[in-house]
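A.B. asks: Position one of the sequence shown corresponds to residue 18 (this note's numbering), numbered consecutively onward. We put the beta carbon where it would ideally sit given N, CA and C, even for glycine.
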Amino acid sequence: MKKPGTIFIKGGKVVSGQTAAQLDVLIQGERISAVGSLPDFKADVEIDAGGLLVLPGAVDTHVHFNDVFMNTISVHDYYTGTLAAAYGGVTSIIDFSNQTPGEPLINTIRTKKDEAEGNAIIDWGVHPVITQPTPETLDEIPHIVERGAPTIKCYMTYRDEGLMIEDEDLKRILKKLRDAGGMLMVHAEDNDMLEENVHRMIASGLTQPVYHARSRPPEVEDKAIRRCIQIMRETGGRLFIVHLASADGAELVGAARAEGLDVIAETCTHYLVFTDKMLERDDGVKWICSPPLRSKSIQDRLWTALQDGRISMVTSDDAAYSWEAKLMGSGRFDKCPNGIAGIEPRFTILYSEGVAKKRISLPRFVELVSTTPANLFGLAPQKGSLIPGADADILLFDPHARWIMNQKTLHMAADYAAYDNIDVTGKIVKVFSRGELIIDGDRCLAEKGRGRYLHRKLDFSLRAGI
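1. By Cβ distance below 8 Å, which residues in the same chain neighbour Lys426 in space, the five residues on each side in sequence not counted?
2. Report yes if the C-beta distance between Val331 and Val372 is below 8 Å; otherwise report no.
3. Cβ atoms of Gly443 and Ala418: under 8 Å apart, would you say?
4. Using the Cβ count rule (16 or more neighbours within 10 Å means buried), how would you classify Asp545?
5. For Leu201 and Gly254, which I take to be in contact (beta-carbon distance under 8 Å), what is that distance rounded to the nearest angstrom?
6. Run through DSSP, which three-state label would Pro398 get?
7. For Ala137, which residues of its own chain have a beta-carbon under 6 Å away from its beta-carbon, when the five flanking residues on both sides are left out?
8. Using 8 Å as the threshold, is the C-beta distance between Gly74 and Thr108 below it?
9. Tell whether a beta-carbon distance below 8 Å holds between Ser114 and Val92.
10. Mind checking which residues open and close the alpha helix (DSSP H) that includes Thr426?
11. Determine the DSSP secondary structure at Gly326, reduced to helix, strand or coil.
12. Using the Cβ count rule (16 or more neighbours within 10 Å means buried), how would you classify Pro152?
13. Alpha carbons only, please: which of Arg48, Ala273 and Lys374 is nearest the one belonging to Val441?
14. Return the Cβ separation of Ser307 and Arg233 in integer angstroms, given the expectation that the two are a contact with Cβ distance under 8 Å.
15. Pick from Ala273, Arg473, Asp265 and Asp432: whose alpha carbon is nearest that of Leu344?
16. Along the chain, where does the alpha helix (DSSP H) containing Lys240 start, and where does it finish?
17. Which ranges does the alpha helix (DSSP H) cover as unbroken runs of at least 4 residues, wholly within the segment 267-336, from first to last along the chain?
18. Using the three-state DSSP reduction, which class does Glu361 fall into: helix, strand or coil?
19. In the DSSP output, what is Leu201 paired with across the bridge?
20. Using a Cβ-Cβ cut-off of 6 Å (strictly less than) and excluding sequence neighbours within five positions of Glu132, which residues of its own chain qualify?
21. Distance check for Leu379 and Arg231, CA to CA, integer angstroms please.
22. Helix, strand or coil, according to DSSP, for Gly371 in the structure here?
23. Could you name the residues of the same chain whose beta carbon sits closer than 6 Å to that of Val62, not counting the 5 residues immediately before and after it, in chain order?
24. Under 8 Å, do Asp410 and Phe449 count as touching if we go by C-beta distance?
25. Use the C-beta contact count for Glu361: other C-beta atoms within 10 angstroms, 16 or more gives buried, fewer gives exposed.
26. Alpha helix (DSSP H) containing Ser114: first to last residue?
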């Protein structure tokens with residue numbers, strides 16, 4: 018494969034940090050060499066970016082590739098998943114790797130390396146998921162952090178899937194990560210409350226998709242988040258709440274941060290676009306995810322929390338299952354694999370619904386999808402910003418393009434689309450990864466397997482102001 022040379026991106030509106038100005042970007046090899054009002058430079062390639070936004074490549078720290086769940090497997094592997102990601106402007110992903118019974122935690126990284134090498138077309142990292150909190154597993158945590166995977170996830174639910182961790186074990190894991198320089202990620206839903214609700218509804222014949230949401234009301238999240246915050250008061254450390262869908266949960270996170278606790282939360286694109294009304298449709302299984310979609314009033318409050326910083330970033334939580342697998346829940350919602358294919362729509366949908374509709378500013382948008390994920394998850398300054406020395410992960414984006422997003426215009430591997438027939442403002446024109454043009458309009462130019470493992474180390478100084 019030909020090594021990237023010099024590329025001069027001229028005259029676009031560069032957005033990075035709090036900067037949003039018409040500037041030039043010079044790429045030399047894999048890195049950004051200069052950003053500013055640059056004199057004409059004799060480059061191998063010159064691109065006129067007039068009328069376009071020049072943005073950092075998106076960073077999606079919440080994806081599930083090759084994920085086995087509810088007796089099925091997600092359809093995005095490291096080729097199809099990173100291909101869809103690249104079309105969606107994503108140049109770095111971090112995937113989850115579940116520990117299996119008796120498995121050393123280090124194997125969760127090795128497994129993903131085996132899956133990714135020779136397949137991934139963008140750069141990738143791993144979040145190990147602890148399901149077996151034995152003394153041996155806990156003793157591995159410092160080594161895992163040293164191996165470049167300093168963010169570990171635990172579930173407070175999915176007991177039947179063998180994923181749930183008890184609170185006392187969460188305390189032990191959080192302490193280990195605190196001392197090792199890591200961060201704990203938590204799926205916060207109260208298992209006892211939701212299990213009781215599910216059993217009661219199934220017994221009453223309330224089995225349609227909409228009852229998935231009613232079995233997991235916001236209080237299920239809120240109770241689990243309160244438990245997490247109390248644990249943080251006892252242990253200290255760093256806590257990250259994944260896929261927050263409760264507006265009251267955002268209030269709890271904001272209050273915990275005001276108290277001085279290091280608690281940060283994300284939400285996901287689907288909670289900002291869809292409401293629980295989608296679950297009332299005949300094809301409502303498309304939108305079964307956990308936590309579930311919420312009401313319009315809660316959705317509006319989530320947007321407010323994004324604006325004021327109680328929610329710090331937006332990920333896709335890409336969990337793409339086949340239509341056949343989703344239909345397992347058509348008769349009983351509790352048989353449906355939870356998840357939505359969303360890695361490709363995330364960037365453009367958030368621009369269209371956020372920036373174009375004036376809910377968030379353009380710099381805030383870049384923070385939510387690129388800069389903050391990179392800063393929090395040990396990828397900065399290599400990723401997430403357009404600064405000299407950073408990887409040349411760059412998007413050219415047309416902010417005025419209007420088009421219809423549907424299954425035909427998307428490139429994800431799922432054989433249906435939750436993001437279907439949506440009017441969208443804004444379109445990705447070109448995607449560069451480490452100085453290489455990998456997406457040019459509707460063409461993928463990337464060589465399969467070009468993606469690299471992201472060895473991460475958390476820089477806690479970058480958490481200030483998030």
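C.D. replies: For this structure:
1. On the sequence shown, position 409 is the one that residue 426 refers to. Note on identity: in this sequence residue 426 is Thr, with Lys being the wrong assignment. Closer than 8 Å at Cβ, skipping near neighbours: Trp420.
2. The residue given as residue 331 occupies position 314 in the sequence shown. The residue given as residue 372 occupies position 355 in the sequence shown. No, the Cβ-Cβ distance between Val331 and Val372 is not below 8 Å.
3. The residue given as residue 418 occupies position 401 in the sequence shown. The residue given as residue 443 occupies position 426 in the sequence shown. Yes, Cβ-Cβ distance for Ala418 and Gly443 is below 8 Å.
4. Here the chain covers residues 18 to 483 and nothing more, so residue 545 does not appear.
5. Counting from 1 along the sequence shown, the entry for residue 201 is found at position 184. Counting from 1 along the sequence shown, the entry for residue 254 is found at position 237. Confirmed, Cβ separation roughly 7 Å.
6. Your numbering for residue 398 matches position 381 in the sequence shown. Looking at Pro398 - three-state DSSP - the assignment turns out to be coil, as it is neither helix nor strand.
7. On the sequence shown, residue 137 is found 120 positions in, with the first residue counted as 1. Result list for Ala137: Tyr95, Thr99 and Gly468, in chain order.
8. For the purposes of this step, residue 74 is identified with residue 57 of the sequence shown, where counting begins at 1. For the purposes of this step, residue 108 is identified with residue 91 of the sequence shown, where counting begins at 1. Against a cut-off of 8 Å, the Cβ pair of Thr108 and Gly74 comes out as a contact.
9. Taking the sequence shown and counting its residues from 1, one reaches residue 114 at position 97. Taking the sequence shown and counting its residues from 1, one reaches residue 92 at position 75. Cβ atoms of Ser114 and Val92: not closer than 8 Å.
10. Taking the sequence shown and counting its residues from 1, the one referred to as residue 426 is at position 409. Run containing Thr426: none; DSSP gives neither H nor E here.
11. To locate residue 326, count along the sequence shown from 1; it is residue 309. Of the three classes helix, strand and coil, the one that applies to Gly326 here is coil, per DSSP.
12. For the purposes of this step, residue 152 is taken as the residue at position 135 of the sequence shown. That one is exposed.
13. Within the sequence shown, numbered from 1, the residue matching residue 441 stands at position 424. Out of Arg48, Ala273 and Lys374, Lys374 has the C-alpha closest to the C-alpha of Val441.
14. Mapped onto the sequence shown, residue 307 falls at position 290. Mapped onto the sequence shown, residue 233 falls at position 216. The Cβ separation is near 6 Å, so the contact holds.
15. Taking the sequence shown and counting its residues from 1, one reaches residue 344 at position 327. Of the candidates Ala273, Arg473, Asp265 and Asp432, the one whose C-alpha sits nearest the C-alpha of Leu344 is Asp432.
16. If you number the sequence shown from 1, residue 240 lands on position 223. Taken as a continuous stretch (DSSP letters only), the alpha helix (DSSP H) holding Lys240 covers Pro235 to Thr252.
17. 286-290 and 313-325
18. Counting from 1 along the sequence shown, the entry for residue 361 is found at position 344. Three-state result, Glu361: coil.
19. Start at 1 with the first residue of the sequence shown, and residue 201 comes out as number 184. Leu201 is bridged to Ile169 and Leu256.
20. Counting from 1 along the sequence shown, the entry for residue 132 is found at position 115. Answer for Glu132: Asn83 and Tyr95, listed in chain order.
21. On the sequence shown, position 214 is the one that residue 231 refers to. On the sequence shown, position 362 is the one that residue 379 refers to. Rounded to the nearest angstrom, the two C-alpha atoms are 35 Å apart.
22. Walking along the sequence shown from the start, residue 371 turns up at place 354. Reduced to three states, the DSSP call for Gly371 is helix.
23. Taking the sequence shown and counting its residues from 1, one reaches residue 62 at position 45. Cβ within range, chain order: Ile24.
24. Position 393 of the sequence shown holds residue 410. Position 432 of the sequence shown holds residue 449. For Asp410 and Phe449, yes; Cβs fall inside 8 Å.
25. One-based indexing of the sequence shown puts residue 361 at position 344. Under this definition Glu361 is a buried residue.
26. As a first step, residue 114 must be located in the sequence shown, where it is residue number 97. Per DSSP, Ser114 belongs to no alpha helix (DSSP H); it is in the beta strand (DSSP E), Val107 to Asn115.
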